[in-house]
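Heads up: the structure comes next, in C-alpha cells.
In this note's numbering, the protein residues as written are 123 to 481.
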C-alpha cells in the first residue's frame, strides 16, 4: 500500500506562452515553511521521467483552473472552468519540469495580460522522503495562502492522484489536516474544539506580530531561531539579576522602617519633654503655656526651639526664696536660743521670739 502526501506550490506566471514551468529542479520548499513531513520537496531527472511517462500515457489533458476550483467543487458545488490545458511535459536539467503545450483560454489570457492573475499553483503528490511522485493539476491564483490545501481539497486531491497512480491511499494517512490541526492547537494554546478557521485566524495574528504588520509579504521568520534568541536573552537577563544575598526582602525593609519610625518618634518625644521641662523650670514657659508648647513641639519642634531661644527666663519662677531650705518658724527660732539667753528672757519676762529677733 503506497503512502503519499499532497501539496500545492505557488509560482509567478511570466506570460501566456505555450511553455510553462510547473516545478523547479532539485530541492525546494514553500515560502510558508512547508513541507512539514520531510526536509524538502525534491525533483530530479529520474522522478521527472516518471511524471513525463505518466503524462504521455494519459487519455485526458491536465487542467489549469481558477483558485483550485476543481478541488473546491466537492465543497461548494460550483463549476470548475478551465483556464488552460496541457499534456506534454519536458524536463530541463538544472531548471525544472515544464508543460510545453499549454493552451490558454481566451478569458485566462486576457486576465493574465491584464495582470488580474499572477500566480500558478500546481498540485502534486510526494512521498515521505520528499520525492515528487505525481502531478494532478494546477490553478491560477493571487493568494499564496491558497498553497495550503484544506481538508476537503486534500481529500479530493488524494482521490484524483490515487487514480492517476493506480494505488490505494491509507485512510488514516490521506487526510493529514486532523494531525496538523491538533499540533497547531497545542502550539497556539487553543482549546481542543478550535476549528480550522479559528486556528487560521490565530496563525494570521502570529504572522502579523512576527512580520511587524507586513504579513506574508515580509521575509519569512525562522521560528526556531527566534525562540533560541528569546531563550538566550532571558538567560542573559537572569544572569544579570541582583544577587539576593546582597539585599533583603521588602517585608524586612518595611519592618525595619517601622522600627526606625517608632524610635524616631520616641526620641522626638523625649526631646520635647526635655525642652518643655527645662523651660518650665527656668521660667521661659509659664505652667499655663505647657499644653501649647507641647502641641507646637509635636508639629514643629524647630519652631518651639526658636521660641524658647528668645524667651526670657523669670528669675522668681526659677528658684525658691529659701534656696531650697525649709523656712524657719517662730517656735523653731525660739528653741534655737542658747540656754543662757533663755534664762535671761525668763528673768526679765521677755518673749524668746522677740528676744531672738532683737538679737
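Just so it is clear, CB atoms sit at the ideal spot from N, CA and C, and this is done for glycine as well.
Asked                                                                                                     : Found
Counted within 10 angstroms of its Cβ, other Cβ atoms place residue 359 as buried (16 or more) or exposed : exposed
CB of residue 133 within 7 Å of CB of residue 302, strictly                                               : no
Three-state secondary structure (DSSP) of residue 261                                                     : strand
The beta strand (DSSP E) enclosing residue 187, as first and last residue numbers                         : 184-188
Three-state class that DSSP yields for residue 293 in the structure shown                                 : Residue placement at residue 293 cannot be trusted, given a pLDDT of 40 that sits under 50; what the coordinates show is reported in the next sentence. Here residue 293 sits in coil by DSSP.
Own chain residues within Cβ distance below 6 Å of residue 170, not counting five before or after         : 213 and 219
Environment of residue 470 [buried if 16+ CB atoms lie within 10 Å]                                       : exposed
Residue 198 versus residue 306: straight-line alpha-carbon distance, rounded                              : 26 Å
Pairwise C-alpha distance: residue 128 and residue 162                                                    : 13 Å
Inter-residue Cα distance where the pair is residue 148 and residue 159                                   : 17 Å
Validate contact between the region 403-414 and the region 372-387 using beta carbons, cut 8 Å, 3 pairs   : no
Distance between beta carbons of residue 138 and residue 226, contact taken as under 8 Å                  : 5 Å
Residue 427 versus residue 474: straight-line alpha-carbon distance, rounded                              : 54 Å
Residue 221: first and last residue of the uninterrupted beta strand (DSSP E) it sits in                  : 218-221
Residue 346 - DSSP class collapsed to helix/strand/coil                                                   : helix
Contained alpha helix (DSSP H) runs [length at least 4] in the region 198-239, N- to C-terminal order     : 228-235
Residue 274 to residue 361 span [Cα, whole Å]                                                             : Confidence is the limiting factor: at residue 274 the pLDDT is only 47, short of 50, which leaves the residue's position unreliable, though a coordinate-based value still follows. Taking the straight line joining both Cα atoms gives about 51 Å.
Unbroken alpha helix (DSSP H) run spanning residue 419, endpoints                                         : 412-421
Inter-residue spacing [alpha-carbon to alpha-carbon] between residue 429 and residue 395                  : 15 Å
Simplified DSSP assignment, three categories, for residue 486                                             : It is not possible to answer for residue 486, since the shown part of the chain is limited to 123 through 481.
Sequence-distant residues of its chain with Cβ nearer than 7 Å to residue 222 (five each side left out)   : 140, 141, 210 and 212
Residue burial classification, residue 190 (beta-carbon count within 10 angstroms, cutoff 16)             : buried
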